Structure formats: structure tokens, C-alpha cells
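Chemist: Let me give you the structure first, and then I'll get to my questions.
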Amino acid sequence: MSQYVAVDTVGVATATPDEKQPWAELGLKEDEYQRIREILGRRPTQSELAMYSIMWSEHCSYKSSKVHLRQFGEKNPRTPRLLAGIGENAGVVAIDENIAVTFKVESHNHPSYVEPKQGAATGVGGIIRDIIAMGARPIAVMDSLRFGAIDHPDTARVLPGVVDGIGHYGNCVGLPNIGGETYFDPCYQGNPLVNALSVGVMPRSRLQSMQASGTGNIVILLGAKTGRDGIGGVSVLASATFSETGEDDARPSVQVGDPFTEKLLIEVCLELFDAQLVVGVQDLGGAGLTCALSETAAAGDGGMHVDLELVPLRAKGMEPHDILASESQERMLLIVDPAKAEEVLARAHRWGLLATAIGTVTDSGRLVVDFHGQTVVDVPPKSLADEGPVYHRPIAEPNDLGLIAVDRAETLPRPSTDEEIRQTVLDMAASPNLCDKSWITEQYDSSVFGNTVLGAPHDAGVVRLDERTGVGIAISLDGNGRFARLDPYHGAQLALAEAYRNVAVTGATPIAVSDCLNFGSPEDPHVMWQFERAVTGIADGCQKLGIPVTGGNVSFYNQTGREAIHPTPVIGVLGVIDDVARRIPLGLGRTGDTIALIGTTSEELSGSEWASVAHGHLGGVPPKVDLDHEMKLADLLSRLAETEQLAAAHDLSEGGLAQALVEAISHSGMGAQILLPEGADPFTYLFSESSGRVLVVIPRGQELAVRTACESRGLPITPLGVADANTNGLHLRDHFDITREDIDAAWKGRIGARLGE
Amino acid sequence: MSARIGIVTFPGSLDDRDAARAAYLAGAEPVALWHDDAQIHGVDAVWLPGGFSYGDALRCGAIARFSQVMDTVKAAAAQGMPVLGVCNGFQVLCESHLLPGALVRNAHLRYRNRPARLRVETDRTAWTNAIEPGAEVVMPAKHGEGRYVADEATLDALEQQGRVVFRYLDNPNGSMRDIAGITNEAGNVVGLMPHPEHAVEALTGPSTDGLGLVASVLAHLSEGARR
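So the protein sequences, as listed, match chains E and X. In terms of this note's numbering, the first sequence is residues 147 to 903. In terms of this note's numbering, the second sequence is residues 312 to 538.
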């Protein structure tokens, strides 16, 4: 057929060595192109060139970050809990002798800016498939979102679309959204961050592998048909900085998600795993078939033969390189024993899901792809999957660091009268970063599966894993771009400490980390410096805390023109809790319960929410991190949860004590009578963002026990007052009162109002 | 022997396991039913769970109406078998004409998830007979297409015949006459948008009021058995 005459085959490539190829347009450097020619001993075919350009892109190969990410492996504490780690689709940790949990956070930043709804939706879909690929049933999602200024017109386009996309996908696929975070800062205006986390649970025996092993085994493509969507999405979108003029129309490159098909994929895959019908499995995400074929082949016996014309298509006239590069969503690749292939196809059919045998595992050591009998790809799979370029990008400390460090927020003018401080509490509560986020979280299902014990707005989401034993997990996802901008090493550790503490505050014991590293262009030595410092901070921090980094993702090029985002490492911490019935909630307990603060409040205002809200200021040195203290705090909280000696607890972070009280009062409907410690400066005490602090509510009669538990660990505890249902709102003795009505009026309904709803 | 409640799984059903838990916790035996199987395996009652059956293609519940299992459910309902439709299940019951009216896009055009306060308007149904009329219950309401609409004559008839089963106290979606759930003339088929299966444990739900629906159908079935 004439249609196929033009196909660039291996034979044609060998015969036409001098043919000009668009390697530069595909994002390859000249030396990379030459290396491909050396590997193959000829010029690559069009399909091969497309595959190398995708697999060697920043997004797939981690070529700029690899040399730094090694630290995670080198510094990771050894723990018997870790069943699968970095390099797998998602990290897997043991919960007990029977069950394991897998979780991962991943970015979908660029697509979410171009097409907010589909960009965010497919971000959720992608991370869910990573969880399935490990053998787990996905049981929850979470998201960390960053947008530009809330009153910028484009935020009104991006934010509702992103929230709609996350909600639509998660709600339809049937996963509870158990929390997350949303922040606004002008630095994210042209580069919003959409980081999605999913977590899944499995019997330990169901752990799956991505190996295409067993010569003669069948390669099956499961799920949606392959279309033109997302072609070049990875290489075009994620590996290039948006132009300042915004003229590039990248719209067709964003994939479209179908959560219904994803739901069927979940059910079919789990059925197949349980019946032990698959040898290997890999999801198709960024880089589609290219990535799945080369990774499974590289991880297995080393060879694979695929007949590409067997791939079910939803668009006409797709060429082999289109099929290989397509990022159509909701597809998985299965490696199946031929004797079981028929049953696999039948089970997929029962759920109405397409499943097609497209190839076989071979021992040739080559990934060979034929298209209507003509060979269009013949490469060593490891050269695509494992042997991509590695860059040692130049690193340079930014010149402005010294200037920033001395520009301390502690020297800014502050409110001094009681009335001014009172107004500051309300202004802060009403500010975009601190205000109530229920406009967002109400668009997400939180209770499907019936296992959500704590969801938004709690410090961490808590999910029951086993109804019989009550064992469960807690997860928190935290970042603070401002702190990381001031000091990427300690800023990253502050995010880690906060996520760790948020998990501990629920009574769970932190056991593992997943991270999403959002940065500007790696070609900028200052950005690479930030990246190196942040990675080192996380690796050192995790080593100290004794919890391993199990996986995650790097997102570079979050930059428009020369303006990079704040370095924004987002850290997900997973914890385990033996009995979810003993979790510690947010709130104020009962009338007469003691409100106390654990930790030390210093004058630390640089990088704080107050400095930003009141002065639009970012400078100075971020709060100190004390990981020893965090470990003692976590140990204390898990102990007090076990003995049920806390009625409530709440992490102090952005907005400090004032905001923690606002949230506890609004959430519980109770009032609080507070007396600040003698000699404390009310402003500092209320708004400092010193790390390592937790507001606790102690039931009557437990005060002494809790104090003793703190003192025996060397943790300072300061009684602040009592919870009281008859007090309306916040009574700050000798200073001011704020009624609950005033608190709610300031705190609630802000997001919708600012977006014009 | 405890009553057997069949819970249908359509492709895209999401709350089937949760409905099974609710049935189990209230003392019934949950039985899995499959959309493509006309057999309902001798169950005593049927629960159509929430979710997005067939991906909500065309309209919510529109395709499920034509499934094999629904032919049997419709026939059984006509014989008096208790049938409950929750959320997407309610939409399926309306599309199947087992209940009048329709569920359309929320007035505010967004999916919204909030605990809903409801008043139970009648105990004259198979699924509410153990609940005091006028009782206030709380269950999560979470949907994008939950605004109940019908023509005035239908609404008047529902009111006059006492077939409004649940009414919102804070209407979350613009439903006509604050209707959250209705029943058929015989009182054996009930549909509601809020989720009783997500209000069965204090640990995970806003209340345990959802258990009342299963307790009701168990009472209804045992009364039927005595007759």
C-alpha cells in the first residue's frame, strides 16, 4: 500500500546515511545525536529518533538531576520496611507482615497551565497508574497546588480549571481526596504547580514488577485506544521554557483524560494480579509506548518484538513514530505467559476494556518494532531506558544571597496596639494563603471507600487500611517556596519537617518520603545551585529522621523567560498508625480542656506569611530547623495518641499561633480563652513561624501526665489557656476578643469571592 | 437467616463496596450483582450504588437503564421488591422510570461535597419505616448532577401522596421543593442523592444515620415474612 512506502525503515536508514534529520527540533543536542548514531551503527529511523528524543529528554531521563538525586540512594536510612524504592514506578513500604502501601507524588505543571482542567486531570490519572503498576489498589489522592496572585485575571482561568480537573478525575475514578495544600504567589503566575499524590494498598505478596521476562511471553496493551493526543507533550512541553510572548500554541499536546476507563483499568489489573495472570506490568504515561516498551524490555530479559500495526488506534493515518510517542491516557502494558493470554483478554473483555496482544518477549537483546512487516525500530532497549545522557550542569550561588539574608523581616514595622494586632489576626485569616480552602476541597469526594478518618482541613489525611485491625496511614504534603527561596537547603528541610510533623500530629509514626522537586531552568546555574542545595537538604534530613525517600519526581523549566519560580520542593510524608480510632483530630476538645503549646517560639518572621501579607516582603533567614526536636515531638505525639491523652492537636506553620487558633476555633465551633506567657511579646508570639511547634488540647485530668511526658523528652510545653464552649471565639486576656462570627467572616468564603463567585 | 441485599456493580460503580459494608454493619447479607447478568440470585432487596455508571455517557444513569440486570430489577420492583438507588443509583431509577422526575446539573454548576442535613418526611416506605417521620438525619451529599426536577403536576402528586421521603434542610443543589429523595407509589422503591453508606460509622462519617435505611428494609422484609 502506497501509504507505507514512505515509512522510514531500518533498511532505508542504512541505505541513506546522509539524510538530514530534525534532531535539534526534537530537543537533542548534536553530541547526543552522534551518540545515537554510534549506538546504532547507522542513522536512526524517524521512529528511533522520536524514541531517543523522548527518552533522553529532561522529563524522562533526569539528565540534569541524576547526579544530585544519587544522594537519596546514598544517604537513605536502611529500613526493613522498604520493599521497593527509587527507580520503581512508586516506592513500596511494608505496614505489617501482611500489607504494604505504595505512594508517590508527581508534577503536572506545564500541561495544567496550558489546559488547566485536562492538565490537572491527567496528572491525577498518571499518578494513579503508577500505583496500580506496583500491584496496589489506589485508595486516596492528595494535591499540592500553587497559583499566581489570587486577583490576577489568569488565576481565575487556571485555578477553577485545575480544581475541576482534579475533582472530575478523582471523583469519577472513585478515590477520596484526603487533603493537600493551596498557595498563591506571583512567582507562579506563568508557571502554576500541580503536584498530585496517590497512595495504594496491597497484600505484600501482590507486589508487581515491570520486567518483561520469559522469552515467548506475550506483550499485551490494555485500556484506551491510541490517538494523537499528547504527541510531543513530554518533549515539547515539559522540557522547554514557555516563551515570554506566550505565542507557542502547545494546546494539542495536552492529553485528555477518561476516568471511567481508568476505573476499569484498576478493576481489571487487580483481578489479573490476584489471579496471578501477569509476569510484568508497566503503565503508559509520559512518553507512552516508547517508555513502557523500552523500560520493560530493559528491565527484563532484554529483547522484545512488537508489531505496531496491532495497536488499536482512534485516529487515522498515524505513523509509527506517532503511535510510539502518543501519550493517550488510561493504558497499561502487560507481560503475560502465552498459556494465560486468553484468560487475560477474557477478563478485560468482561469489564468492557480493550486488550490486544501486540508483541512477544525475545532473547535478542534488541527492541524490534515492525509496522506492517517493515522494521522501523531495532535498538538495544537499555540505551533508551538506562543509558541516557547525564549532565553535570554548572552550579553557581546566586549573587543576591547576601543581600537577601540581611534584608530581615524582623526589622519591618509591626502592629503594636491591641487593636492593630487584633486586626492583623483577621487580615491574616482572610489572606489567600491562610483562608478557608473549602471552595476547593468541597469539589472533591472525600468519603468514597468509607475509610477516610481525617481529610481536609486536617494537618494530614488519615485512611484506614484494615477494618479488622484498625491499622491505617497518615499522609501530608507540604512545601514552602518562600523559605526555600531564602535558603534552599533549610527551606527544603523545613518542608520535610512540616510534613513529618503534620503526620505526627495525627498520632501516626512517619515512615517514608516521596518528593516533588519544582524548579526553574536547569540551564541557569543559579537554579541548579538551588536544586543541589534542596536535594542535599532533603537527603540529609531524611537520613537524620531515619525515613527513606522512596521516589518522586523532578519538574524543571518552571520558568517564563528569565523569571523562575521560587525553588519549591514539595514533600510527602507517609506515616503508619496502629489503630485509626486513636487518631488525634483538629479542634478544641471539650470545655475545660487545657490548651498548650509544645515547642519554642522565637522571633522568626523572615519568609513568614505576615511579612508577605503586611509588607509584600521576602528576605532574611528562614526559621531554624531542629530535626532532633522533631523526632522527639513525633515520638511524644504517637505515644499520647496511643494512651489517648490528647483531645486535639494542630501543627503551627504559616501564620503561626494566631492562625492555628483561628482554624481550631472555626473548625470546632468552640471558644478559646488564652493567656500569653508572662513577658511574651504578643505580636511575636502570635505570628512568628518558628518551626517544631504544636498546639495541643489536653483533656481534664491529663495535664500532669502530658507535662511529664514532654519534660522527660526535653520538650518545652507552655499552658496557654482553656477551651470553652461558652466563650464566643477567641478571648486573648488583657489584649482583645474576636467573636466567632468575626473569625468566620474573615476566614470563610474568600476563595470564591476573590474569583468572582 | 439474615436478609440478602443485592448490590449491583455497573462498570463505573464506585460505592458498591461501601453499600456492602453498610448492609453488613446493619445485619444484612450483601450479595454482589453484576450489570451484565440478568440473574439477581434470590436476593430480598436491591441497592443501586453511587458512582458514574458507564462513565455517565449520554446522561447520568441513561445507559445503566438498558443493562441486563435492570430488566430483572424492574420486574422485581413491580412485584414489590425493595429497591434503593443512591446518587447515581437514584439517577438510574429515574432514567428507568421506576421513579418520576430527573436529576440535572446542580444550580451552582459545580460538584459539591458537604454533609447534608435532611428531614425524613415519611416512614411509609420499605427503606424508612424504622425511622421516625420528621427526624433529622445527616449524610454526605456529593454530586454534580443532583438537582431534582419534575413538572409541577408531578411535584404536587409526590407531595399529596406523601412520596417525598427526604428533604434538604439546606438545599445544596437547587432541587425543586428541597427534594433529596422520593419513593414510588407502592413505597418499595426509594431514590436519594445523599449517601447513607457513607454515614454508617462515627469514625468515618458525619453520623451513623445511614444504618437506619438498612434497618428499615430488614424490618420491612421480616414483616413481609411474617404475613
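For glycine and all other residues, C-beta sits at the position ideal for the given N, C-alpha and C. If you're wondering where the values come from, they're calculated on a predicted model, not measured in any experiment.
1) Let me know the secondary structure DSSP gives E:Ser385 once reduced to three states.
2) To be precise: take each residue of the region 424-435 of chain X, compare its Cβ to all Cβ atoms of chain E, and keep it if any distance is under 9 Å. Which residues remain?
3) For E:Ala727, go through chain X and note every residue whose CB falls closer than 8 Å to its CB, in chain order.
4) From the beta carbon of E:Leu383, is the nearest beta carbon of chain X less than 8 Å away?
5) Using a Cβ-Cβ distance under 8 Å, would E:Gln475 count as near chain X?
6) Any beta-carbon of chain X closer than 8 Å to the one on E:Lys409?
7) Output the distance between the C-alpha atoms of E:Ala384 and E:Ser701, rounded to the nearest integer angstrom.
8) Based on Cα-Cα distance, which residue from E:Pro769, E:Leu720 and E:Met197 lies nearest to E:Asp238?
9) Whose C-beta lies closer than 6 Å to the C-beta of X:Ala526 among residues of the same chain, with five residues either side of it excluded?
10) With burial defined as no fewer than 16 other Cβ atoms inside 10 Å of the residue's Cβ, what is the status of E:Ser752: buried or exposed?
11) Could you give the distance in angstroms between the alpha-carbon of E:Ala650 and the alpha-carbon of E:Pro656?
12) When the Cα atoms are used, what is the spatial distance from E:Thr301 to E:Asp890?
13) Is the distance from the Cβ of E:Gly867 to the Cβ of E:Gln819 below 8 Å?
14) Do you know whose CA, among E:Leu821, E:Arg374 and E:Tyr831, lies nearest E:Arg879's CA?
15) Could you tell me if X:Asp462 is buried or exposed, where buried requires 16 or more neighbouring beta carbons within 10 angstroms of its beta carbon?
16) So, helix, strand or coil for E:Pro578, using DSSP?
17) Between the Cα of E:Val716 and those of E:Ser660, E:Glu413 and E:Ile567, spot the shortest distance and give me the residue it belongs to.
18) Taking only the alpha-carbon atoms, compute the straight-line gap between E:Glu903 and E:Leu580 and give it to the nearest angstrom.
19) Buried or exposed: where does E:Gly154 fall if 16 or more other Cβ atoms within 10 Å of its Cβ makes it buried?
20) Distance, Cα to Cα, E:Val578 vs E:Phe330?
21) Assuming E:Leu513 and E:Ala443 are in contact, meaning their beta carbons sit under 8 Å apart, how far apart are those beta carbons, in whole angstroms?
22) Report the residue ranges of all beta strand (DSSP E) runs contained in full by the region 404-479 of chain X; include only those spanning at least 3 residues, in chain order.
23) Strictly below 9 Å CB to CB, what residues from chain X border E:Glu588?
24) What does the alpha-carbon distance come out to for the pair E:Pro526 and E:Thr502?
25) Just to make sure I have the definition right: I need the residues of chain E whose C-beta is within less than 9 Å of the C-beta of X:His352. Which are they?
26) Where does E:His518 sit, in a helix, a strand or coil, going by DSSP?
27) In angstroms, rounded to a whole number, what distance separates the CA positions of E:Leu611 and E:Gly325?
28) Using the beta-carbon of each residue, which ones in chain E are nearer than 7 Å to X:Arg332?
29) Report the rounded CA-to-CA distance for X:Val449 versus X:Ala427, giving the unit in angstroms.
30) What does a CB cutoff of less than 6 Å around E:Pro634 pick up in its chain, not counting 5 residues either side in sequence?
31) I need the DSSP call for X:Ser378, collapsed to helix, strand or coil.
32) Would you kindly work out how many angstroms separate the C-alpha atoms of E:Asn337 and E:Asn255, rounded to a whole number?
33) Could you run through the region 317-329 of chain E and flag, in chain order, every residue whose CB is less than 7 Å away from some CB of chain X?
34) Using 8 Å as the threshold, is the region 724-742 of chain E in touch with the region 363-373 of chain E, meaning 3 or more CB pairs across them?
35) Since I believe X:Asn417 is in contact with E:Glu588 (beta carbons under 8 Å), could you give me their beta-carbon distance rounded to a whole number of angstroms?
36) Would you say E:Gly498 faces chain X, with C-beta separation under 8 Å as the test?
Modeler: Taking the structure as given:
1) Any answer about E:Ser385 is weak, because its pLDDT of 41 lies below 50 and its placement is not dependable; what the coordinates show is given next. E:Ser385: coil per DSSP, three-state reduction.
2) Legend: CB atoms of the region 424-435 of chain X lying less than 9 Å from CB atoms of chain E belong to residues Asn424 and Arg425.
3) Counting only Cβ-Cβ distances below 8 Å, E:Ala727 has contacts in chain X at Leu514, in chain order.
4) Any reading at E:Leu383 is ruled out, since the residue's pLDDT is 32, under 50, leaving its predicted position unreliable.
5) Residue contact with chain X for E:Gln475: absent (no Cβ-Cβ distance below 8 Å to any residue of chain X).
6) By this cut-off, E:Lys409 is an interface position.
7) A caution first: E:Ala384 carries a pLDDT of 36, below 50, which makes its placement in the model unreliable, though a value can still be read off. Pairing E:Ala384 with E:Ser701, the inter-Cα distance amounts to about 8 Å.
8) Residue 238 of chain E is actually Val in this sequence, not Asp. Checked all of E:Pro769, E:Leu720 and E:Met197; the closest Cα to E:Val238 is E:Leu720.
9) The answer, listed in chain order, is Ala337 and Ala441.
10) With 16 or more Cβ atoms within 10 Å of its Cβ, E:Ser752 is classed as buried.
11) If you take the alpha carbons of E:Ala650 and E:Pro656, they lie about 7 Å apart.
12) Distance between the alpha carbons of E:Thr301 and E:Asp890: 24 Å.
13) Yes, they are a contact pair.
14) Comparing Cα positions, the closest option is E:Leu821.
15) Answer is exposed; the Cβ neighbour count stays below 16.
16) E:Pro578: coil per DSSP, three-state reduction.
17) If we check each option's Cα against that of E:Val716, E:Ser660 comes out closest.
18) Computed Cα separation, rounded: 19 Å.
19) Reading off the sequence shown, one finds Asp at residue 154 of chain E, where the question assumed Gly. Of the residues assessed, E:Asp154 falls on the buried side of the cut-off, its CB having 16 or more other CB atoms within 10 angstroms.
20) Correcting the residue type first, residue 578 of chain E is Pro in the shown sequence and not Val. The straight-line gap from Cα to Cα measures roughly 7 Å.
21) By a beta-carbon distance limit of 8 Å, E:Leu513 contacts E:Ala443. Their separation comes to about 5 Å.
22) List check, beta strand (DSSP E) in window: 413-415, 423-431, 447-454, 458-460 and 475-479.
23) The contacting residues are Arg421, Tyr422, Arg423, Asn424, Arg425 and Lys453.
24) Roughly 24 Å separates the two Cα atoms.
25) Within chain E, no residue has its beta carbon less than 9 Å from that of X:His352; the closest one is some 17 Å off.
26) If DSSP states are grouped into helix, strand and coil, E:His518 belongs with coil.
27) Counting only the Cα atoms, E:Gly325 lies some 17 Å from E:Leu611.
28) Here the neighbours are Gly596.
29) Put simply, the backbone Cα of X:Val449 is about 5 Å away from that of X:Ala427.
30) Gln676, Arg679, Ala680 and Pro713.
31) Three-state result, X:Ser378: coil.
32) For E:Asn337 and E:Asn255, the gap between their C-alpha atoms comes out near 7 Å.
33) For chain X, the residues of the region 317-329 of chain E that bring a beta carbon within less than 7 Å of one of its beta carbons are Asn317, Cys318 and Gly320, in chain order.
34) Put simply, the region 724-742 of chain E does not touch the region 363-373 of chain E. Fewer than three CB pairs are less than 8 Å apart.
35) Not confirmed; about 12 Å, so no contact.
36) Against chain X, the CB of E:Gly498 has a partner CB under 8 Å away; the residue lies at that interface.
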